[in-house]
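**Q**
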Amino acid sequence: MTLLLGIESSCDETAAAVVQDGQTVLSNVVASQDELHVTYGGGVPEIASRAHVERILPVIEEAINTAAISIDQIDGIVVGNRPGLIGSLLVGVAAAKTLAWVLQKPLIAVDHVIAHLWAPQLSGVNIEYPALGVVVSGGHTSLLILQDPTTATCIGKTIDDAAGEAFDKAAAILDLGWPGGQRIDEAASKGEPLYTLPRPKTKGSKPDYSFSGLKTALLYGVRGNPKKVHGKMEFPRNANELSEQEICNWASSFQHAAVDTITKGIRTALAKNTVRCIVTGGGVLANSLLRTELKAIANEFHIPVYLPDPTFCVDNAAMIAGLGYHLFQNGHCDPLTLTASPKGTAS
Ligand code: KG4
Ligand code: ZN
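So for the sequence shown, our numbering puts the first residue at 37; every next one is plus one.
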């Protein structure tokens, strides 16, 4: 039996988890910073790193206590050290290195984006490789070919906003609040996709993504075309002048356009690459329409699709510890000179 402690601090969630043999989650503690960023309508890097410093030790302590183990029963420490906000990542890396040194246990670093694709395995399934990895989160929209859990090649990604970021901005345009993805999903469930919005395409044959045009089309659709008044661009109306039903219809229209865009890239990737399954991860995988559409794609291509349990969609440390187990089994260990990087391995 192998017990690994996972630590995650790449963005604005401070998280620690204890996972047994890569798949059995004994504890999964996530301290969200949503309330600290809500007034700014998005994550503020400096606030995030300061909050990580305050929270990291209590979060690790709670993960150990909830797992009902003592810290010296841990066989190794796994940390997400890339990609992400550098100030945030460094907090998790410093905590992991300190624990590894004090406890004299192996230190293992993993890529946060690739770790998202371990999340479905936390529900006990085993993935067959090669697999098409689909990461759709607040920071990434990437299609990867995975030869094994850690060997990944990026075959397509967003050239501007990430899909989750587009959901968050769409919620702001519709005055639905922050974090936006969940609010759009809820509003969309009460609406119909009545409005026409673009399904943005990128140039070239790669399944790359672009979401900024969709976001602008929503803004103009909801608030009208802006006009110059006294040298300033002004919109003819505000979102709060629309009825609740109209807002829900816009949310539904946006959600359909965003999900169509994501699934189109997946179909292109599947037509060009031979894989044994689709494996998915990231906060946007909590989206109800995306989950339904992914199951439809799996049927169409006659391969299984593995979706993370909603608990493991957003940033968490259980996926970090899980992926670390794969490296631990192969005898991988990182040095205490480990540092963080804002850039990922394959995204
Ligand atoms: O994976 P994650 O925690 O962050 C990054 O690693 O970047 O994902 C957070 C993102 C946010 O942009 C949030 O709006 C989005 O996931 N999200 C959703 C839903 N729940 C969370 N997007 C669409 N529908 C949802 N139900
Ligand atoms: Zn993430």
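Every residue, glycine too, gets a C-beta built ideally from N, C-alpha and C.
Tell me the residue span of the beta strand (DSSP E) that contains Ile107.
**A** If you number the sequence shown from 1, residue 107 lands on position 71. Premise fails: Ile107 is in no beta strand (DSSP E) and is neither H nor E.
**Q** Under 7 Å from any heavy atom of ligand 1, does the C-beta of Ala188 make it?
**A** In the sequence shown, residue 188 corresponds to position 152, counting from 1. No, the beta carbon of Ala188 sits no closer than 7 Å to any heavy atom of ligand 1.
**Q** If we define contact as Cβ-Cβ less than 8 Å, is Thr177 a contact residue for chain B?
**A** Here there is only one protein chain, and chain B is not present.
**Q** In whole angstroms, what is the alpha-carbon distance linking Ala322 and His266?
**A** The residue labelled residue 322 in the question sits at position 286 within the sequence shown. The residue labelled residue 266 in the question sits at position 230 within the sequence shown. Taking the straight line from one Cα to the other gives about 44 Å.
**Q** In chain order, what residues have a CB nearer than 5 Å to some heavy atom of ligand 2?
**A** Taken from the N-terminal end onward, the list reads Ser173, Asp351.
**Q** Could you check where the alpha helix (DSSP H) with Ser248 kicks off and where it finishes?
**A** The count along the sequence shown starts at 1 and reaches residue 248 at position 212. Counting along the chain, the alpha helix (DSSP H) containing Ser248 begins and ends at 248-259.
**Q** For Glu228, which three-state DSSP category applies?
**A** In the sequence shown, the residue the question calls residue 228 occupies position 192. Three-state DSSP puts Glu228 in coil, outside helix and strand.
**Q** Shorter than 7 Å, the distance from the beta carbon of Asp221 to the closest heavy atom of ligand 1, or not?
**A** Against the sequence shown, residue 221 aligns to sequence position 185. Yes, the beta carbon of Asp221 sits closer than 7 Å to at least one heavy atom of ligand 1.
**Q** Measuring alpha carbon to alpha carbon, tell me which residue in Val129, Val149, Leu62 is nearest Ile110.
**A** Taking the first residue of the sequence shown as 1, we reach residue 110 at position 74. Checking every option, the nearest Cα to that of Ile110 belongs to Leu62.
**Q** Can you tell me whether Pro185 sits near ligand 1, meaning its C-beta is under 7 Å from at least one heavy atom of the ligand?
**A** Here residue 185 is taken as the residue at index 149 of the sequence shown, counted from 1. The answer is no for Pro185.
**Q** State the CB to CB distance for the pair Gly257 and Leu233, rounded to an integer number of angstroms; the pair is presumed to be in contact (CB under 8 Å).
**A** Taking the sequence shown and counting its residues from 1, one reaches residue 257 at position 221. Taking the sequence shown and counting its residues from 1, one reaches residue 233 at position 197. At roughly 7 Å, the Cβ-Cβ gap stays under 8 Å, so Gly257 and Leu233 are in contact.
**Q** What three-state label does DSSP hand Gly175 in the structure shown?
**A** Reading the sequence shown from its first residue, position 139 is the one you call residue 175. Of the three classes helix, strand and coil, the one that applies to Gly175 here is coil, per DSSP.
**Q** Ends of the alpha helix (DSSP H) at Asn335?
**A** The sequence position of residue 335 within the sequence shown is 299, counting from 1. From DSSP, the alpha helix (DSSP H) with Asn335 extends over 324-337.
**Q** According to DSSP, is Ile195 part of a helix, a strand, or is it coil?
**A** The residue you call residue 195 lines up with position 159 of the sequence shown. Correct three-state label for Ile195: coil.
**Q** Decide if Lys226 is buried, meaning its Cβ has at least 16 other Cβ atoms within 10 Å, or exposed.
**A** In the sequence shown, residue 226 corresponds to position 190, counting from 1. Lys226 comes out exposed.
**Q** List the DSSP bridge partners of Ser68.
**A** Taking the first residue of the sequence shown as position 1, residue 68 is located at position 32. Looking at the DSSP assignment, Ser68 forms a beta bridge with Glu49.
**Q** For Phe203, is the beta carbon positioned less than 7 Å from some heavy atom of ligand 1?
**A** By 1-based counting over the sequence shown, the position of residue 203 is 167. Yes, the Cβ of Phe203 comes within 7 Å of a heavy atom of ligand 1.
**Q** Thinking C-beta only, is Ser45 closer than 8 Å to Ile92?
**A** Position 56 of the sequence shown, counting from 1, holds the residue named residue 92. Position 9 of the sequence shown, counting from 1, holds the residue named residue 45. A contact, by the Cβ cut-off of 8 Å.
**Q** What whole-angstrom Cβ distance do Leu325 and Val295 have, given they're in contact under 8 Å?
**A** Residue numbering aside, residue 325 sits at position 289 when the sequence shown is read from its first letter. Residue numbering aside, residue 295 sits at position 259 when the sequence shown is read from its first letter. Yes, Leu325 and Val295 are in contact; Cβ-Cβ is about 5 Å, under 8 Å.
**Q** Considering only residues of the same chain and omitting the five flanking positions on each side of Gly317, which have a CB-CB separation below 6 Å?
**A** Here the question's residue 317 lines up with position 281 in the sequence shown. The residues are His152, Leu153, Ala155, Val171, Pro344.
**Q** May I ask you to check if the CB of His176 is nearer than 7 Å to at least one heavy atom of ligand 1?
**A** The sequence position of residue 176 within the sequence shown is 140, counting from 1. His176: yes, Cβ under 7 Å from ligand 1.
**Q** Looking at the unbroken alpha helix (DSSP H) that takes in Glu128, where does it start and where does it end?
**A** What you label residue 128 is simply residue 92 of the sequence shown in a count that begins at 1. Reading off the sequence shown, one finds Gly at residue 128, where the question assumed Glu. Start and end: 122-139.
**Q** What would DSSP say about Arg235, mapped onto helix, strand or coil?
**A** Within the sequence shown, the letter at position 199 stands for residue 235. Three-state DSSP puts Arg235 in coil, outside helix and strand.
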